[in-house]
Amino acid sequence: MGIYGRYIVPRLCDLAMRNAMLAPYRERVIAGAAGRVLEIGSGSGRNLPLYRDGVRGVFALEPSAELVEMARHRAGQAGAPVDFLRASAECIPLSDESVDTVVSTWTLCSIPDAGRALQEIRRVLAPAGRLLFVEHGLAPEPGVRRWQDRLTPAWCCISGGCHLNRPIRSLIERAGFEFDQIDTAYASGPRCFTYFYNGIARKVRGVTG
Numbered sequence: 172m173g174i175y176g177r178y179i180v181p182r183l184c185d186l187a188m189r190n191a192m193l194a195p196y197r198e199r200v201i202a203g204a205a206g207r208v209l210e211i212g213s214g215s216g217r218n219l220p221l222y223r224d225g226v227r228g229v230f231a232l233e234p235s236a237e238l239v240e241m242a243r244h245r246a247g248q249a250g251a252p253v254d255f256l257r258a259s260a261e262c263i264p265l266s267d268e269s270v271d272t273v274v275s276t277w278t279l280c281s282i283p284d285a286g287r288a289l290q291e292i293r294r295v296l297a298p299a300g301r302l303l304f305v306e307h308g309l310a311p312e313p314g315v316r317r318w319q320d321r322l323t324p325a326w327c328c329i330s331g332g333c334h335l336n337r338p339i340r341s342l343i344e345r346a347g348f349e350f351d352q353i354d355t356a357y358a359s360g361p362r363c364f365t366y367f368y369n370g371i372a373r374k375v376r377g378v379t380g
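Quick note, the numbering used here runs 171 ahead of the 1-based positions in the sequence shown.
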């Protein structure tokens with residue numbers, strides 16, 4: 172990883188996540204967290220101060236050492252103990268069925284193998300556990316999709332691997348989840364970047380792997 176990827180991208184990510192427009196989505200997702208929580212792609216720890224009553228502990232999973240260091244400064248504001256796991260979501264260092272809630276906020280876009288990560292999430296999630304998420308991804312209109320496809324290769328290079336055209340709904344379903352709730356809509360800003368998927372998913376019973 173070069174200087175840009177190691178030092179500059181983490182700071183750009185932290186800056187992007189400061190956007191006040193994202194706060195209501197973030198707060199709504201975290202409000203549903205309970206029990207033992209795994210947050211994938213915890214980044215610079217913007218969500219940590221939002222964990223409160225009902226959360227027994229948070230595993231903050233993040234592969235970037237620089238982002239983990241930023242997040243440590245926010246861990247003291249969390250309403251539950253925080254354990255940092257410097258690892259990728261494709262290989263989560265936790266036991267099977269060991270967490271009650273998995274949180275993903277604008278993370279699936281940048282995981283190299285999002286399908287594998289979702290399989291790992293399913294593995295570590297308890298049978299009655301929930302995946303709480305807000306993501307951006309593939310838009311419904313063909314014209315917007317074409318622009319997402321055109322822009323994604325260059326955007327990945329400058330944004331730390333963020334894909335504009337991930338089919339979030341189908342990725343989650345193919346990994347063996349079903350939705351309790353899913354809302355899709357454009358947020359403010361350019362449409363290529365702001366088609367949001369916000370919801371709650373559970374493991375489909377009887378599906379293995």
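Think of the CB as a built atom: it goes at the ideal place given N, C-alpha and C, for glycine as much as any other residue.
Take the Cβ of residue i as the centre, count every other Cβ of all protein chains shown within 10 Å, and call the residue buried at 16 or more, exposed below.
{"i": "residue 317", "result": "exposed"}
{"i": "residue 341", "result": "exposed"}
{"i": "residue 250", "result": "exposed"}
{"i": "residue 190", "result": "exposed"}
{"i": "residue 293", "result": "buried"}
Can the beta-carbon of residue i be found closer than 8 Å to that of residue j?
{"i": "residue 367", "j": "residue 305", "result": "yes"}
{"i": "residue 233", "j": "residue 262", "result": "no"}
{"i": "residue 289", "j": "residue 343", "result": "yes"}
{"i": "residue 222", "j": "residue 200", "result": "no"}
{"i": "residue 313", "j": "residue 374", "result": "no"}
{"i": "residue 337", "j": "residue 372", "result": "no"}
Can you tell me which residues form a DSSP beta bridge with residue i?
{"i": "residue 355", "result": "368"}
{"i": "residue 307", "result": "367"}
{"i": "residue 206", "result": "226"}
Please work out which residues of its chain come closer than 7 Å, Cβ to Cβ, to residue i, disregarding the five sequence neighbours upstream and downstream, and give them in chain order.
{"i": "residue 358", "result": "192, 365 and 367"}
Please classify residue i: does DSSP put it in a helix, a strand, or coil?
{"i": "residue 216", "result": "coil"}
{"i": "residue 361", "result": "coil"}
{"i": "residue 278", "result": "coil"}
{"i": "residue 251", "result": "coil"}
Taking 6 Å as the limit between beta carbons, can you name the residues of its chain near residue i, skipping five residues before and five after?
{"i": "residue 216", "result": "242 and 245"}
Run the proximity test for residue i: is its beta-carbon closer than 7 Å to any non-hydrogen atom belonging to the ligand PLP?
{"i": "residue 191", "result": "Judged by which ligands are present, the structure shown has none, so any question about the ligand PLP falls away."}
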